[in-house]
Amino acid sequence: MTEIIIGTTPTITYTFKTVSPSDFRACILTIKCNGQILIEKNLSDAEIGTDSVSWTLSQAETLSLGTRVAKMMCNWVTADGTRGASEITTIRGDTNHIPEVI
Numbered sequence: 008m009t010e011i012i013i014g015t016t017p018t019i020t021y022t023f024k025t026v027s028p029s030d031f032r033a034c035i036l037t038i039k040c041n042g043q044i045l046i047e048k049n050l051s052d053a054e055i056g057t058d059s060v061s062w063t064l065s066q067a068e069t070l071s072l073g074t075r076v077a078k079m080m081c082n083w084v085t086a087d088g089t090r091g092a093s094e095i096t097t098i099r100g101d102t103n104h105i106p107e108v109i
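Quick note: the sequence shown uses the working numbering, first residue 8, plus one each step.
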């Protein structure tokens, strides 16, 4: 399980071996808990590398996670219409001594 300290600004990175992020028409990161999407980041929010896509979460976004267990995944579509998805990663919001935006 991956832990994210709430109120921080972590960077989430997905690395690709068989597709090139430069070919992505869409790429969406979602963090979901109990059937509800808590955080959704699109390709326009991402930093695109030669073999990776990264999103930096805001303090407010990680605070919205709380200390719950959630599921995170990445979905993408290439220019030719090929769609892929990452495995689901289980994450948990971890407490912070200062649980607020500073």
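We treat Cβ as the ideally placed atom computed from N, Cα and C, and that holds for glycine.
For alanine 86, there is no enclosing alpha helix (DSSP H), as DSSP gives it neither H nor E. Contiguous beta strand (DSSP E) elements confined to the segment 14 to 54 occur at 18 to 22, 31 to 40 and 43 to 48, taking only those with 3 or more residues.
Within the model, the alpha-carbon separation for threonine 15 versus threonine 9 is close to 14 Å. Excluding its 5 nearest sequence neighbours in each direction, serine 51 has no C-beta neighbour in its own chain below 7 Å. In this structure threonine 22 is exposed. Its beta-carbon is surrounded by fewer than 16 other beta-carbon atoms within 10 angstroms. Under DSSP, the beta-bridge partners assigned to methionine 79 are Ile38 and Thr96.
In this structure, the straight-line span from the alpha carbon of glutamine 66 to that of threonine 89 is close to 33 Å. Straight through space, the alpha carbons of glutamate 47 and threonine 37 are spaced by roughly 5 Å. Residues of the same chain with a CB within less than 6 Å of the CB of threonine 20, apart from the 5 flanking positions on each side, are Ser59 and Ser61 in chain order.
In the DSSP assignment, glutamate 10 falls within the unbroken beta strand (DSSP E) covering 9 to 12.
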